[in-house]
Amino acid sequence: MNNSLLLTEEQLLLKKTLSEFSQKHIAPHAHLLDQNEQFPTENLQGLASLGVMGTGIDPELGGSSGGYQELAVVVEEIAKACAGTSTSFIAHVSLTLATIYNFSRPDQREKFVPGMIEGRDIGAWCLTEPDCGSDASALSCQVEKNNGSYVINGTKTFITNANEASLFTVFARLNNQPGSKGIICLVVDRHSPGITINPLKGKMGIRASSTAEIDFNNTKVPAFNVLGQEEDGFKIAMQILDSSRIIIASQAVGIAQGSLEKALSYSQQRQTFNRPLAQHQAIQFMLADCATKIEAARLLTRRAALLKDQNLPHTIESAMAKLFASETAHFVTDKALQIHGGYGFFKDNPVERYYRDAKITEIYEGSSEIQRLVIARNILKLYQI
Ligand code: CAA
3 MNNSLLLTEE
13 QLLLKKTLSE
23 FSQKHIAPHA
33 HLLDQNEQFP
43 TENLQGLASL
53 GVMGTGIDPE
63 LGGSSGGYQE
73 LAVVVEEIAK
83 ACAGTSTSFI
93 AHVSLTLATI
103 YNFSRPDQRE
113 KFVPGMIEGR
123 DIGAWCLTEP
133 DCGSDASALS
143 CQVEKNNGSY
153 VINGTKTFIT
163 NANEASLFTV
173 FARLNNQPGS
183 KGIICLVVDR
193 HSPGITINPL
203 KGKMGIRASS
213 TAEIDFNNTK
223 VPAFNVLGQE
233 EDGFKIAMQI
243 LDSSRIIIAS
253 QAVGIAQGSL
263 EKALSYSQQR
273 QTFNRPLAQH
283 QAIQFMLADC
293 ATKIEAARLL
303 TRRAALLKDQ
313 NLPHTIESAM
323 AKLFASETAH
333 FVTDKALQIH
343 GGYGFFKDNP
353 VERYYRDAKI
363 TEIYEGSSEI
373 QRLVIARNIL
383 KLYQI
């Protein structure tokens, strides 16, 4: 597709660099990492050396130019090669690092940000709890203020990167205050006392990313580590989800694009009824629908990223991009597998992996139902009578 009108020269170069790196260094290991549920340490180190973990961050802290448009380009290429690696990257960069960078004081930034950009410190973003997922303001993990420090008790679950992370951003309820205004956001050092990590194995997809439950038992955190004001936690989480959902949308586009390319190639090799699959109209229509939906998803994602980079409201647009792109990934990976027939049903075929990887994009960082709720609430506000 001709993207030259949509991407600047620099963005096209970034896309080429990431595509070459991901196809050469990440894609060849994707199958084994998936099968072994193995954390992509080397992939993340390679991405850190390319400088992309610091996209949009002040160069004085080690960051590089760009913003969400560039991050979307980067993540699409990583996801096309290995969705699991892109999940670990997203949890580290567009959730944890973005939370710390955007809601910290200069002295906090200096302490936490450079190590994260260099990939020395991996981050994990801790919002979800065993009894609280979609209804984020109902969380029950407790924080008590004690002699100027904060003490956390409770459990977080489905936490990406928790097992490997050295820094957590934790959202918890301060002094039992009810509702969304009672939530604080703290940076927690993994080596603080009272932290137990329980890895959760057996995911259907994105198996190269790691997932774990974290128990906090009287975990003491210094006052230095509070992000924003004590009562800001819920709004910090919502604003970060608004921007990170753009990056999940680009992950979904990458998964869809990767599986479509496999289908385009296979459909021209495989013969049925004396001609290649690609010459049957039934297959052509599937390919056309897939390509059209991917382009639409990419445009929605790009629009949301543009708004974010211009500091314009983007809650509706990022929810729309995430909703449409994740449902597109579901649609396209299903059709790509269908086109591969029985061969696509076996684990050594990448379309089988793409099919499993696509599903989570409809669930995490707000399920499709939550995206619809966000869109509906906000458009109703816009057209209030
Ligand atoms: N930006 C700024 N502020 C916002 C906001 C936004 N996008 N959305 C809400 N707020 C503010 C509201 O203005 C309100 O503030 P006031 O009290 O001052 O008026 C406050 O937050 C409460 O808002 P709501 O009453 O609208 O909140 P709610 O309880 O109805 O919840 C929700 C809203 C959108 C459903 C939210 O709970 C939500 O997004 N849920 C999904 C959670 C989610 O996405 N979890 C993902 C986990 S992380 C993950 O998945 C990562 C991974 O594995 C890799």
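Just so you know, this note's numbering puts the end of the sequence shown at 387, numbered straight through with nothing missing.
We put the beta carbon where it would ideally sit given N, CA and C, even for glycine.
Just so we're clear, the structure is a prediction, and the values are computed from it rather than from any experiment.
In whole angstroms, give me the CA-to-CA distance for residue i and residue j.
| i | j | result |
| --- | --- | --- |
| residue 345 | residue 332 | 19 Å |
| residue 73 | residue 248 | 9 Å |
| residue 1 | residue 221 | Outside the shown range of the chain, which is 3 to 387, sits residue 1, and nothing can be said about it. |
| residue 178 | residue 216 | 20 Å |
| residue 8 | residue 308 | 11 Å |
| residue 155 | residue 26 | 44 Å |
| residue 284 | residue 207 | 29 Å |
| residue 270 | residue 354 | 19 Å |
| residue 352 | residue 31 | 11 Å |
| residue 140 | residue 93 | 22 Å |
| residue 242 | residue 313 | 13 Å |
| residue 111 | residue 369 | 31 Å |
| residue 99 | residue 3 | 32 Å |
| residue 71 | residue 304 | 6 Å |
| residue 15 | residue 223 | 43 Å |
| residue 323 | residue 367 | 13 Å |
| residue 167 | residue 282 | 49 Å |
| residue 144 | residue 153 | 8 Å |
| residue 36 | residue 52 | 23 Å |
| residue 12 | residue 5 | 13 Å |
| residue 146 | residue 108 | 25 Å |
| residue 181 | residue 218 | 21 Å |
| residue 364 | residue 347 | 22 Å |
Once you ignore the five residues that flank residue i on each side, which residues in its own chain have a CB closer than 7 Å to its CB?
| i | result |
| --- | --- |
| residue 214 | 161, 164, 165, 199, 200, 201, 202 |
| residue 39 | 203, 209 |
| residue 205 | 213 |
| residue 121 | 46, 47, 50, 55 |
| residue 266 | 289 |
| residue 24 | 79, 80, 82, 83 |
| residue 374 | 325 |
Could you check what DSSP says for residue i in three-state terms: helix, strand or coil?
| i | result |
| --- | --- |
| residue 345 | helix |
| residue 210 | coil |
| residue 61 | helix |
| residue 56 | helix |
| residue 315 | coil |
| residue 301 | helix |
| residue 328 | helix |
| residue 152 | strand |
| residue 186 | strand |
| residue 277 | strand |
| residue 66 | strand |
| residue 176 | strand |
| residue 144 | strand |
| residue 365 | coil |
| residue 220 | strand |
| residue 406 | Beyond the ends of the chain as shown, which are 3 and 387, falls residue 406; an answer cannot be given. |
Quick one: what's got a C-beta closer than 6 Å to residue i's C-beta in the same chain, skipping five residues either side?
| i | result |
| --- | --- |
| residue 173 | 129, 185, 187, 235, 239 |
| residue 320 | 244, 247, 248, 306 |
| residue 85 | 208, 257, 359 |
| residue 318 | 377, 380 |
| residue 96 | 246, 249 |
For residue i, tell me which candidate among the options has the shortest Cα-Cα distance.
| i | options | result |
| --- | --- | --- |
| residue 255 | 113, 79, 158, 90 | 79 |
| residue 62 | 252, 115, 193 | 115 |
| residue 230 | 189, 135, 350 | 189 |
| residue 22 | 48, 117, 278 | 48 |
| residue 226 | 195, 55, 106, 356 | 106 |
| residue 212 | 43, 13, 146 | 43 |
| residue 64 | 365, 35, 118, 83 | 118 |
| residue 328 | 250, 15, 37 | 250 |
| residue 278 | 342, 294, 300 | 342 |
| residue 356 | 168, 339, 176 | 339 |
| residue 434 | 158, 148, 123 | Residue coverage of the chain in this structure runs from 3 to 387, which leaves residue 434 outside it and unanswerable. |
| residue 294 | 326, 97, 131, 280 | 326 |
| residue 89 | 384, 386, 373, 362 | 362 |
| residue 300 | 58, 77, 237 | 77 |
| residue 311 | 268, 347, 59, 273 | 59 |
| residue 123 | 67, 219, 193 | 193 |
| residue 176 | 142, 196, 195 | 142 |
Who are the near neighbours of residue i in its chain, counting only those whose CB is closer than 8 Å to its CB and skipping five residues on each side?
| i | result |
| --- | --- |
| residue 291 | 333, 337 |
| residue 296 | 255, 258, 259, 262, 330, 334 |
| residue 350 | 33 |
| residue 28 | 42, 45, 48, 80, 83, 84, 87 |
| residue 102 | 110, 111, 114, 115, 118, 125, 169, 171, 189, 229 |
| residue 274 | 282 |
| residue 302 | 251, 319, 322, 323, 326, 327 |
| residue 183 | 233, 236 |
| residue 315 | 309 |
I'd like to confirm something about residue i: is its beta-carbon nearer than 7 Å to some heavy atom of the ligand ADP, or not?
| i | result |
| --- | --- |
| residue 137 | For the structure depicted, the ligand ADP is absent and the ligand set comprises only the ligand CAA. |
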